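Novice:
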Amino acid sequence: MGLFSNNISRDNLKPGDHIYAWRNAYIYSHHGIYIGDGKAIHFTRGDGPSIREGSFLDKIIKRSNTRGVISSCLDCFLAGGNLHLFKYNVSLATFTTKLRGGTCTIAPSDPSHEVISRAKFLLLINGFGDYHLFKNNCEDFAVYCKTSLVIGKSYVLGRNGQANTVGAAACVARMLTPLVRNVIRLFSDVGMRRDAIKVPVESLAAWRNKEDTFVTRKRRLQHTNKHSVLTFTNIL
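Note that full-length UniProt numbering gives residue 46 to position 46 of the sequence shown, counting from 1, and the numbers run on in steps of one.
Shown next as structure tokens:
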């Protein structure tokens with residue numbers, strides 16, 4: 001029922017699984033999609049422990065991309081944490097017994113080959129937009145890959161368990177009884193929302209690209225290639 005109830009061994013992992021690892025004394029968790037061969041695809045700000053940690057081989061290989069959607073070894077992803085399996089299509093009873101968000105959803109998962117295909121497509125084009133704790137985070141990425149679900153015609157993300165646990169509504173909910181808190185979290189779950197719609201990955205990526213502002217593109221360029229940003233600035 002607690003933080004450790006979704007533990008899974010590496011031997012039991014299957015390609016297409018949504019995995020996560022707790023960080024900083026269980027304050028938050030990092031999520032991704034396991035794609036097999038000891039690799040995970042995940043969405044990151046570029047400055048977390050998933051970037052800094054890993055095997056000896058990962059440390060001597062210079063990765064060209066360390067923010068946005070990236071692929072890394074499982075050790076890099078875990079960064080010293082324990083491996084957990086995010087569960088799909090759970091019952092209402094199971095969902096409401098969870099003390100923390102970000103561990104399961106009412107929504108069913110799509111087939112594994114579709115999950116991996118979405119993750120690899122978003123990795124190829126780094127097409128999940130800018131990281132935002134509440135609006136566009138690693139859990140949103142993994143849940144989207146597993147379900148292709150977004151909220152409404154504006155393709156809203158940031159409505160999943162972990163964000164709901166620490167958001168403004170959650171702060172109010174903490175003053176209520178555990179039952180009321182869980183009911184609020186339940187009806188925020190993407191699997192329960194009537195405005196959740198399935199969106200093909202190509203459409204989501206095109207929408208994300210349209211949302212990118214000129215400032216955002218310049219900031220990405222500054223992060224990935226300092227030489228290029230000098231040239232970019234000179235053009236301006």
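Beta carbons are placed, not taken as given, at the ideal position from N, Cα and C, and that holds for glycine. From a predicted model like this one, the values you see are computed outputs, not experimental measurements.
1) I need the straight-line Cα distance from Val201 to Leu122, nearest angstrom please.
2) For the alpha helix (DSSP H) that Ala40 lies in, which residues bound it at each end?
3) Based on DSSP bridge pairs, tell me the residues matched to Trp22.
4) What first and last residue would you give for the beta strand (DSSP E) that runs through Lys87?
5) Using beta-carbon positions only, say whether Arg208 and Phe128 come within less than 9 Å of one another.
6) With H, G and I counted as helix, E and B as strand and the rest as coil, what does DSSP make of Ser148?
7) When the Cα atoms are used, what is the spatial distance from Arg63 to Ser72?
8) Once DSSP output is grouped into helix, strand and coil, what is the label at Asn126?
9) Do the CB positions of Leu83 and Ile19 come within less than 9 Å of each other?
10) Considering Cys73, what are the terminal residues of the beta strand (DSSP E) in which it resides?
11) Use the C-beta contact count for Leu124: other C-beta atoms within 10 angstroms, 16 or more gives buried, fewer gives exposed.
Specialist: Checking against the coordinates, here is how it stands:
1) 8 Å
2) Run containing Ala40: none in the alpha helix (DSSP H); it sits in the beta strand (DSSP E), 39-44.
3) Ser29
4) Note, Lys87: premise wrong, no beta strand (DSSP E); not H, not E.
5) yes
6) coil
7) Per-residue confidence for Arg63 stands at a pLDDT of 44, beneath the threshold of 50, marking its modelled position as unreliable; the derived number appears in the next sentence. Near 9 Å, if we compare the C-alpha coordinates of Ser72 and Arg63.
8) coil
9) yes
10) 68-73
11) exposed
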